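Engineer: My questions all concern the structure below.
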Amino acid sequence: MSVINALGVTFQNPVLLAAGTAGFGHEVRRVIDLEALGGLITKAVTPEARRGHPPPRVAEFPGGMLNAVGLANPGLEAVARHDLPEIAARLRRARIIVNVAGAVMDDYVAVIARLSGDVAITAFEINASCPNTHAGGLEFGADPRTLGELVRRCRVATARPLVVKLSPVLPDIAAMAQVAAAEGADAVSVVNTIPGTLAHRLGNGFGGVSGPSLLPIGVLATRRIGVRVALPVIGVGGIRTSADAREYLAAGAVLVAIGTAALADPRVPERIARELTRG
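Start counting the sequence shown at 1288; every next residue gets the next number (my numbering).
Here it is in structure tokens:
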């Protein structure tokens, strides 16, 4: 397994670094060979710089990890002028997908419109699990009309591929994937984290659950979407081994993204990528 055709481009390997777990790539480039991977999904980019939630932001538990980073990032202009050019200059084969977040739809559109001309960017991943402040905190991806409008507006802002990242707590995740497809999405990534809390473990009080417990949830979501929607799927959640990655690929995913496991051991994605390449 080597060259993968997805999103209208080729990936040298199906393994990506998941959003929020490897910064903008340059943070881990001395630890792993990014060119051994298919690419990376950057941490979320918002129009303004964000400091994120108060510490502690991460808490481990037997089933995985809770995190409440709060979309901390240097902001659109800093990313456009410094972070993306720095990592793009070092990559020749690995693809760059930019995760986009916001509190209102205009935030997403602003980020995509500003970065769309950057030839180093392969695609945008729309974080549809962000709370929509215009809807009282309801996630963008929780309501079909809101999700449809978000994808439609982002589609107008760019000709580059759009990947919509969906929450695992949606009552019918395949139906929301259909909404995204109808409005011009080129792929979906499933799944995002599950909301959770443990007493006194996070400064924000609650956060997102990730890690091994997400594996069967993400695989099922991948399979359900594949049955009902003609849309490529990036499988995300709980991948620690090449066997886990193959679970997603067997369920219909064209690419997989590794996150929490790489925080424990940054070499895991490269190891999985090489094992998949060997077959």
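The beta-carbon is built from N, C-alpha and C at its ideal position, and this holds for glycine as well. All values reported here derive from a predicted model rather than from experimental measurement.
In the structure shown, what three-state DSSP assignment does P1503 receive?
Structural biologist: P1503: helix per DSSP, three-state reduction.
Engineer: Roughly how many angstroms separate the alpha carbons of D1370 and F1311, rounded to a whole number?
Structural biologist: So the alpha carbons of these two residues sit roughly 6 Å apart.
Engineer: Taking the C-alpha atoms as reference points, what is the distance between R1338 and V1345?
Structural biologist: Using only the alpha carbons, I get a separation of about 15 Å.
Engineer: Do L1327 and I1413 count as a contact pair if the criterion is CB distance below 8 Å?
Structural biologist: Cβ distance not < 8 Å, so I1413 and L1327 don't count as in contact.
Engineer: Name the two residues that bound the continuous beta strand (DSSP E) containing I1526.
Structural biologist: Neither: I1526 is in no beta strand (DSSP E) and is coded neither H nor E.
Engineer: By alpha-carbon positions, which one of G1492, A1461 and I1545 ends up nearest to P1519?
Structural biologist: Measuring from the Cα of P1519, the nearest candidate turns out to be A1461.
Engineer: Measure the Cβ-Cβ separation of D1473 and L1294 and say whether it is below 8 Å.
Structural biologist: Taking 8 Å as the Cβ cut-off, D1473 and L1294 qualify as a contacting pair.
Engineer: Can you tell me the Cα-Cα spacing of V1318 and L1304, whole angstroms?
Structural biologist: So the two alpha carbons sit approximately 13 Å from each other.
Engineer: Should the region 1419–1439 be called in touch with the region 1357–1365, which here means at least 3 C-beta pairs below 8 Å?
Structural biologist: No, the region 1419–1439 is not in contact with the region 1357–1365.
Engineer: Rounded to the nearest angstrom, what separates A1508 and V1516 at their Cα positions?
Structural biologist: When rounded, the distance between both Cα atoms is 12 Å.
Engineer: Which residues in the same chain as T1528 place their Cβ atom closer than 6 Å to its Cβ, once the five residues preceding and following it in sequence are excluded?
Structural biologist: Excluding sequence neighbours, T1528 sits near nothing in its chain.
Engineer: Taking the Cβ atom as the reference point for each residue, do I1291 and V1541 lie within a distance shorter than 8 Å?
Structural biologist: Taking 8 Å as the Cβ cut-off, I1291 and V1541 qualify as a contacting pair.
Engineer: Going by C-alpha to C-alpha distance, which of V1391, V1443 and V1366 sits closest to T1433?
Structural biologist: Selected option, being the one with the closest Cα: V1391.
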